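Engineer: Just so we're aligned, residue -10 is where the sequence shown starts under this note's numbering, counting upward by one. Where a beta carbon is used, it is the ideal one built from N, C-alpha and C, also for glycine. The structure displayed is predicted, hence computed values, not measured ones.
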Amino acid sequence: MTDLSHIRNFAIIAHIDHGKSTLADRLIQRCGNLEEREMKEQVLDSMEIERERGITIKAQTVRLRYTAKNGRSYQFNLMDTPGHVDFAYEVSRSLAACEGSLLVVDAAQGVEAQTLANVYHALEAGHEIVPVLNKIDLPAAEPERVRQQIEEVIGLDAGQALLISAKTGLGIEEVLESLVDRLPPPAGDANAPLKALLVDSWYDAYLGVIILVRIKDGVLKKGQRIRMMVTEAVHQVERIGYFTPKRIECAELTPGEVGYITAGIKAVADCRVGDTLTDERAPADTPLPGFKPHVPVVFCGLFPVDTSEYPLLRDSLDKLALNDGSFSYLPETSAALGFGFRCGFLGLLHMEIIQERLEREFTLDLITTAPSVVYRVHMTDGRTQELHNPVDMPDPTRIDHIEEPWVRATILVPDSSLGAVLALCTERRGQQSELTYAGSRALVVYRLPLNEIVFDFHDRLKSVSRGYASFDYEIADYAVSDLVRISILVNGEPVDALSFITHRGAAEGRGRQICERLKDLIPRHLFKIPIQASIGGRVIARETIPALRKDVTAKCYGGDITRKRKLLDKQKEGKKKMRQFGKVDIPQSAFIKALRLGDE
């Protein structure tokens, strides 16, 4: 059993691309966990999509052994966390299993919006934070300016901030020594009843569900019967071990240690993240405080382009849900797109990642409907219902009022682009909360409707600030808003897949935009096709696709005009009939382009 005073549990937190995973690589290399031939860049980013995009999606854990200058051997349990706002729930889970954090800040770029968000998560978890300035070997590095920024913006003492270069390995020894000197050891009692926090779980084809646990009290042994305190499920522990990052089996886990167990569990849904594991025979009295459940905030429909692939899509979603319990899905049908699923995600990047994994790992060809957020509809009879899909919106006469989710957005932007960013936020119905300066950059806090963010806000923000603005948000609350549903009618028939909810003020512009786009996408038929955007029974925008005209008078060479007139009138009658009964074929490509996220 490892002495508690010789254990340090810590997370690495930072903004995207500030060097978390590279620092983790150097720590693993210095502690000799992997041989030189086994090392590769971002060794903890195991998913192909993580390596390709250069981002961390799943938090990873590693046990390191380090002999300090004082001659003692220490056990470090390292958590490498994601930096993107959509995976903030992964960060909060990892932080709950640690006592301290290394805050990595790029010495050239300085403090960014996500740096702030992650620091607040760490402070909420009661962490001791050690600031680390990375990339000091870059010509643009300004460590003194960034130190001052950390003190001004975050309020942390950066006088003892470590100067390192994770890429070259400069200063790694100082990082390891500061973990020993500046981070507190974990607390725990080996003789108390077993209490272990369920930090994460994922599915393995050979072992079933693998559970990542952090032991708070007691000892977890192989063969022990354990009870999940929330789900009340009882299992027998089959394997125990830890990651180096290779899986290493051991006989037991003691207080303060982080490791994994398998217990023949078939589905990840049976393991609630944040649950407490205890001994079945001598259970603990109270469970540990868990995590806030992750709540999907963005919903969209996923439909296979080829309707025969529906069973494959269903199986693929089942398999993905085994490894990512944070997205939900329910079957839905659409008159235009056939059978598919309504899926809930934590944000737009999360939606993109799931969609990309479905297309790559299961070779599916998908159509994604426009993303929408969860609205609360208050009816005149006092009932309240959640609205995930614009198609399900009740009759407006029965609606008393609708509430939409608002977010608290933090934007860090250079002074030169501040005006453009403020104009963008105002255009998106934003309400400014505060505006302060951190050196030459402005820190703006806005209240924004989530509905205005999910389309193309991030792309627009990057373009108006020439890529220099950083953005982070958290769900704040729900507020009453004047919202309407826009239905798109093609030849008088509503197309359910294209309907969406928007603010009344923006309705006309958005309706006209989608009508113009469809006019270019739907091929011409032998009859005129009107494309309309309507709110209830009132048409707010219209475009008309002209008819293809066959020259029916081609065979009349000269002669009587009445003969030509007769043929043209006959054609007109046929077109009228065709317009009434003719079916407009909208190609799948038109749907894909019309629903494409980037609003031109």
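#1: How many whole angstroms separate the CB atoms of VAL396 and ILE490, which I take to be in contact at a CB cut-off of 8 Å?
#2: Can you round the beta-carbon distance between ALA185 and VAL202 to whole angstroms, since I take them to be within the 8 Å contact cut?
#3: Tell me which residue opens and which closes the beta strand (DSSP E) that GLY230 is part of.
#4: For MET368, which three-state DSSP category applies?
#5: What would DSSP say about ASP466, mapped onto helix, strand or coil?
#6: Using a Cβ distance threshold of 8 Å, determine whether the stretch 475 to 487 contacts the stretch 424 to 442, with at least three qualifying pairs required.
#7: Determine the DSSP secondary structure at PHE446, reduced to helix, strand or coil.
#8: What three-state label does DSSP hand THR386 in the structure shown?
#9: By how many angstroms is the C-alpha of ASN59 removed from the C-alpha of ASP(-8)?
#10: Comparing C-alpha positions only, which one of LEU411, ARG365, THR358, THR386 sits nearest to GLU392?
#11: Between which two residues does the alpha helix (DSSP H) containing GLY494 stretch?
#12: Kindly give me the distance between the Cβ atoms of PHE232 and LEU91, rounded to whole angstroms, as I take these residues to be in contact under 8 Å.
#13: Kindly indicate which three-state DSSP category SER35 falls into: helix, strand or coil?
#14: Among ALA85, SER83, ILE139, ILE118, whose alpha-carbon lies nearest the alpha-carbon of GLN98?
#15: Closest by CA to ILE343, which one among LEU487, ALA310, VAL51, ASP146?
#16: Report the residue ranges of all alpha helix (DSSP H) runs contained in full by the stretch 127 to 158; include only those spanning at least 4 residues, in chain order.
#17: Applying the 10 Å Cβ sphere with the 16-neighbour rule, what's the burial state of HIS116?
#18: From TYR318 to LEU411, what distance separates their C-alpha atoms?
#19: Quick check on DSSP: helix, strand or coil for THR357?
#20: Tell me the DSSP bridge mates of ARG610?
#21: Roughly how many angstroms separate the alpha carbons of PHE351 and GLY329, rounded to a whole number?
#22: Going by C-alpha distance, which of VAL119, ASP381, LEU152, LEU242 is nearest GLU131?
#23: ARG214: buried (16+ other C-beta within 10 angstroms of its C-beta) or exposed?
#24: Can you name the start and end residues of the alpha helix (DSSP H) that HIS514 belongs to?
#25: To the nearest whole angstrom, what separates the beta carbons of CYS504 and ARG474, a pair I think is in contact under 8 Å?
#26: Examine the Cβ distances between the stretch 371 to 389 and the stretch 402 to 422 and report whether three or more of them are shorter than 8 Å.
#27: CB-CB under 8 Å to GLN622, same chain, minus the five flanking residues each way: which ones, in chain order?
#28: To the nearest whole angstrom, what separates the beta carbons of SER470 and PRO438, a pair I think is in contact under 8 Å?
#29: Quick one: residues in its chain with C-beta nearer than 6 Å to the C-beta of GLN137, no 5 flanking neighbours on either side, listed in chain order?
#30: ARG418 by DSSP, collapsed to three states: which one?
#31: Just checking, does the stretch 118 to 127 make contact with the stretch 146 to 162 on the three C-beta pairs under 8 Å criterion?
#32: Taking the beta strand (DSSP E) that GLU101 falls in, what are its first and last residues?
#33: Which of the three DSSP states is assigned to ILE5 in this structure?
#34: The alpha helix (DSSP H) spanning GLU345 covers which residue range?
#35: Please report whether the beta-carbon of MET368 lies at a distance below 8 Å from any beta-carbon of chain D.
#36: Measure the C-alpha to C-alpha separation of GLY230 and VAL51 and round it to an integer number of angstroms.
Structural biologist: With the given structure in hand:
#1: Taking the first residue of the sequence shown as position 1, residue 396 is located at position 407. Taking the first residue of the sequence shown as position 1, residue 490 is located at position 501. Taking a contact as a CB-CB distance under 8 Å, the pair VAL396 and ILE490 does not count as one, their CB atoms being some 17 Å apart.
#2: Position 196 of the sequence shown, counted from the first residue, corresponds to residue 185. Position 213 of the sequence shown, counted from the first residue, corresponds to residue 202. Between ALA185 and VAL202 the beta-carbon gap is near 4 Å, inside 8 Å, which marks them as a contact.
#3: For this step, residue 230 is matched to residue 241 along the sequence shown. Where GLY230 is concerned, the enclosing beta strand (DSSP E) stretches over 228 to 232.
#4: Residue 368 sits at position 379 when you count from the first residue of the sequence shown. Per DSSP, reduced to three states, the secondary structure at MET368 is strand.
#5: Your numbering for residue 466 matches position 477 in the sequence shown. ASP466 falls in the strand class under three-state DSSP.
#6: With the rule of 3 Cβ pairs closer than 8 Å, the stretch 475 to 487 does not count as touching the stretch 424 to 442.
#7: Taking the first residue of the sequence shown as 1, we reach residue 446 at position 457. Here PHE446 sits in helix by DSSP.
#8: The sequence position of residue 386 within the sequence shown is 397, counting from 1. Here THR386 sits in helix by DSSP.
#9: Numbered from 1 along the sequence shown, position 3 holds the residue referred to as residue -8. Numbered from 1 along the sequence shown, position 70 holds the residue referred to as residue 59. The straight-line gap from Cα to Cα measures roughly 16 Å.
#10: Within the sequence shown, numbered from 1, the residue matching residue 392 stands at position 403. Answer by Cα proximity: ARG365.
#11: For the purposes of this step, residue 494 is identified with residue 505 of the sequence shown, where counting begins at 1. For GLY494, the enclosing alpha helix (DSSP H) begins and ends at 493 to 510.
#12: Working through the sequence shown from its first residue, we reach residue 232 at position 243. Working through the sequence shown from its first residue, we reach residue 91 at position 102. With a Cβ gap of about 18 Å, PHE232 and LEU91 do not count as contacting.
#13: Translated into positions along the sequence shown, residue 35 becomes position 46. In this prediction, SER35 has a pLDDT of 46, which is less than 50 and means its spatial position is unreliable; nothing more can be read from the coordinates.
#14: To locate residue 98, count along the sequence shown from 1; it is residue 109. The shortest Cα separation from GLN98 among ALA85, SER83, ILE139, ILE118 belongs to ILE139.
#15: Residue mapping note: residue 343 aligns to position 354 of the sequence shown, counting from 1. If we check each option's Cα against that of ILE343, ALA310 comes out closest.
#16: For the alpha helix (DSSP H) assignment, the uninterrupted runs of no fewer than 4 residues enclosed by the stretch 127 to 158 are, from N- to C-terminal side, 132 to 138.
#17: Counting from 1 along the sequence shown, the entry for residue 116 is found at position 127. By the neighbour-count rule (16 or more Cβ atoms within 10 Å), HIS116 is buried.
#18: Indexing the sequence shown from 1 puts residue 318 at position 329. Indexing the sequence shown from 1 puts residue 411 at position 422. In a straight line, the C-alpha of TYR318 is about 36 Å away from that of LEU411.
#19: Translated into the one-based positions of the sequence shown, residue 357 becomes position 368. In the structure shown, THR357 sits in a strand (DSSP, three-state: E or B).
#20: The structure shown does not extend to residue 610, since the chain is modelled only from -10 through 589, so no value can be given for it.
#21: Taking the sequence shown and counting its residues from 1, the one referred to as residue 351 is at position 362. Taking the sequence shown and counting its residues from 1, the one referred to as residue 329 is at position 340. Taken atom to atom, the span from the alpha-carbon of PHE351 to that of GLY329 is near 16 Å.
#22: For the purposes of this step, residue 131 is identified with residue 142 of the sequence shown, where counting begins at 1. Check the Cα spacing between GLU131 and each of VAL119, ASP381, LEU152, LEU242: the tightest is with LEU152.
#23: Locating residue 214 in the sequence shown gives position 225, counting from the first residue. Under this definition ARG214 is an exposed residue.
#24: In the sequence shown, counting from the first residue as 1, residue 514 sits at position 525. Careful: HIS514 lies outside any alpha helix (DSSP H) and carries neither H nor E.
#25: The count along the sequence shown starts at 1 and reaches residue 504 at position 515. The count along the sequence shown starts at 1 and reaches residue 474 at position 485. Beta-carbon to beta-carbon, CYS504 and ARG474 are separated by about 16 Å, too far to satisfy the 8 Å threshold.
#26: Segments in contact, no.
#27: The displayed coordinates of the chain run from -10 to 589. Any statement about residue 622 would go beyond what the structure contains.
#28: Residue mapping note: residue 470 aligns to position 481 of the sequence shown, counting from 1. Residue mapping note: residue 438 aligns to position 449 of the sequence shown, counting from 1. Yes, they are in contact, since the Cβ atoms of SER470 and PRO438 sit about 7 Å apart, within 8 Å.
#29: As a first step, residue 137 must be located in the sequence shown, where it is residue number 148. Contacts found: none.
#30: What you label residue 418 is simply residue 429 of the sequence shown in a count that begins at 1. In the structure shown, ARG418 sits in coil (DSSP, three-state: anything other than H, G, I, E or B).
#31: At 8 Å Cβ cutoff, the stretches touch.
#32: Within the sequence shown, residue 101 is the residue found at index 112, counting from 1. Counting along the chain, GLU101 falls outside any beta strand (DSSP E), and DSSP gives it neither H nor E.
#33: Mapped onto the sequence shown, residue 5 falls at position 16. DSSP places ILE5 outside both helix and strand once states are collapsed to three, so it counts as coil.
#34: Residue mapping note: residue 345 aligns to position 356 of the sequence shown, counting from 1. Segment 337 to 350, the alpha helix (DSSP H) holding GLU345.
#35: Within the model displayed, chain D is absent; a lone protein chain is all it includes.
#36: The sequence position of residue 230 within the sequence shown is 241, counting from 1. The sequence position of residue 51 within the sequence shown is 62, counting from 1. Each residue's Cα considered, the two are about 11 Å apart.
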